[in-house]
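Those letters in the sequence shown? Residues 664 to 935, per the working numbering, in order. Using N, Cα and C, we set each Cβ at its ideal position, and we do this for glycine too. Report on the following structure.
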Amino acid sequence: MNEEIEISLGSVQRTLLLPLWGRAIETRKQKPLLIDYKAVSIIDSLSYDFSAIANHVSRLSQAAWIARSIFFDEKIKEFISAYPEATIVNVGCGLDTTFDRVDNGKIHWKDLDLPDSIALRKKFIPETDRRQFISMSVFDTDWYQKIENADKVMLLIAGVIYYFDEAGVKKLFSDFHTYIPGAEIILDYSSKKGMKIANKKVIDRGGMDKDAYLKWGTDNIFEIEKWDENIKVKSTIPMFSEHKKKYPMMKRIGMGISDALKIMSLAHIKIN
Numbered sequence: 664m665n666e667e668i669e670i671s672l673g674s675v676q677r678t679l680l681l682p683l684w685g686r687a688i689e690t691r692k693q694k695p696l697l698i699d700y701k702a703v704s705i706i707d708s709l710s711y712d713f714s715a716i717a718n719h720v721s722r723l724s725q726a727a728w729i730a731r732s733i734f735f736d737e738k739i740k741e742f743i744s745a746y747p748e749a750t751i752v753n754v755g756c757g758l759d760t761t762f763d764r765v766d767n768g769k770i771h772w773k774d775l776d777l778p779d780s781i782a783l784r785k786k787f788i789p790e791t792d793r794r795q796f797i798s799m800s801v802f803d804t805d806w807y808q809k810i811e812n813a814d815k816v817m818l819l820i821a822g823v824i825y826y827f828d829e830a831g832v833k834k835l836f837s838d839f840h841t842y843i844p845g846a847e848i849i850l851d852y853s854s855k856k857g858m859k860i861a862n863k864k865v866i867d868r869g870g871m872d873k874d875a876y877l878k879w880g881t882d883n884i885f886e887i888e889k890w891d892e893n894i895k896v897k898s899t900i901p902m903f904s905e906h907k908k909k910y911p912m913m914k915r916i917g918m919g920i921s922d923a924l925k926i927m928s929l930a931h932i933k934i935n
């Protein structure tokens with residue numbers, strides 16, 4: 664048996680365990696919608712009690728993490744089909760393994776996260792010539808200097824944007840326009856009601872610290888276009904709109920209610 668690896672992470676960084684667990688659970692299903700053997704391997708290697716997550720986080724939340732991953736995989740594949748040598752930046756990467764599912768053998772991939780998350784990541788995932796880690800905050804503008812093919816950039820921002828306050832989110836979009844104009848962004852976001860539900864039913868029930876509460880949400884993602892004329896929302900869909908039909912009737916009802924209330928959504932944004 665492999666030696667278990669201890670976790671030493673900040674409050675927000677620790678939330679990386681939630682989608683990691685979700686992908687591992689999905690992979691172990693008889694008919695998984697997403698296969699992520701690396702997530703299973705990491706879960707089995709970590710010295711962490713996942714019982715709080717397993718026993719108290721709803722299966723709807725787990726399904727949302729899978730729907731999100733599938734959406735992002737598809738968007739990235741579309742982008743690199745058009746631009747095979749593009750640069751993809753995985754902002755707040757945690758222990759995400761999207762690269763392994765979408766790599767075309769040519770893309771440049773940057774995994775960006777805080778030092779403690781990157782230190783943990785390095786214990787499981789190797790860097791390569793095309794897949795490199797950046798150990799710093801997304802607000803530290805030095806990371807933009809590490810981007811190859813800066814004319815063709817896509818930012819993957821999964822499970823991150825709502826941990827910042829509105830001033831922080833505005834700063835990020837301003838920086839994106841300053842340093843990587845023309846970039847495309849795929850992200851998930853929460854409504855204001857969704858924030859309250861997530862804080863209670865995911866953060867609290869999942870055994871996370873209250874310091875990791877969601878801070879920013881919007882009931883209308885097109886409002887961000889008013890921040891700057893260079894921000895353009897290309898598309899947005901409710902979290903489960905593309906995947907409800909793949910689930911049993913009772914779960915589809917829950918997904919339908921969640922989508923109707925716009926609890927969580929997915930967006931594709933362009934920075935001009």
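Per-residue burial, residue i [other beta carbons within 10 Å of its own, 16 or more giving buried]
i: LEU803; result: One detail in the question is off: residue 803 reads as Asp in this sequence, not Leu. The residue in question, ASP803, is exposed, as its Cβ has fewer than 16 Cβ neighbours within 10 Å.
i: ARG731; result: buried
i: GLY857; result: buried
i: ALA687; result: buried
i: SER710; result: exposed
i: HIS719; result: exposed
i: ALA830; result: exposed
CA-to-CA distance, residue j to residue i, given in whole angstroms
i: LEU929; j: LYS855; result: 15 Å
i: ALA717; j: ASP814; result: 42 Å
i: PHE742; j: MET817; result: 8 Å
i: LEU696; j: ASP763; result: 16 Å
i: GLY757; j: ILE894; result: 26 Å
i: ASN797; j: MET912; result: According to the sequence provided, residue 797 is Ile. The question's Asn does not apply to it. Roughly 43 Å separates the two Cα atoms.
i: MET664; j: TRP879; result: Model confidence at MET664 stands at a pLDDT of 35, short of 50, so the residue's coordinates are unreliable and nothing is read from them.
i: GLU888; j: PHE839; result: 14 Å
i: ALA646; j: ASP851; result: This structure cannot speak to residue 646, because the chain is shown only from 664 to 935.
i: TYR825; j: VAL832; result: 8 Å
i: PHE787; j: SER837; result: 33 Å
i: GLY685; j: PRO747; result: 30 Å
i: SER921; j: PRO901; result: 8 Å
i: MET799; j: ARG793; result: 19 Å
i: LYS773; j: PHE735; result: 15 Å
i: GLU905; j: LYS925; result: 14 Å
Residue i - DSSP class collapsed to helix/strand/coil
i: MET794; result: Per the sequence shown, residue 794 should be read as Arg rather than Met. In this structure, ARG794 counts as strand in the three-state DSSP scheme.
i: ILE934; result: strand
i: GLU847; result: strand
i: THR899; result: strand
i: HIS771; result: strand
i: ILE926; result: coil
i: ASN883; result: coil
i: ASP707; result: helix
i: LEU877; result: coil
i: ALA765; result: Inspection of the sequence shows that residue 765 is occupied by Val rather than by Ala. DSSP places VAL765 in helix when its eight states are reduced to three.
i: PHE852; result: A small fix is needed here, since residue 852 is Tyr in this sequence, not Phe. In the structure shown, TYR852 sits in a strand (DSSP, three-state: E or B).
i: ILE894; result: strand
i: ILE698; result: coil
i: THR750; result: strand
i: ARG731; result: helix
i: HIS719; result: helix
i: THR760; result: coil
For residue j and residue i, believed in contact at Cβ under 8 Å, the rounded distance
i: THR760; j: ASP699; result: 6 Å
i: ILE934; j: ILE848; result: 7 Å
* Enumerate, from N- to C-terminal direction, the unbroken alpha helix (DSSP H) stretches of 4 or more residues contained entirely within the stretch 774-843. => 778-784, 829-842
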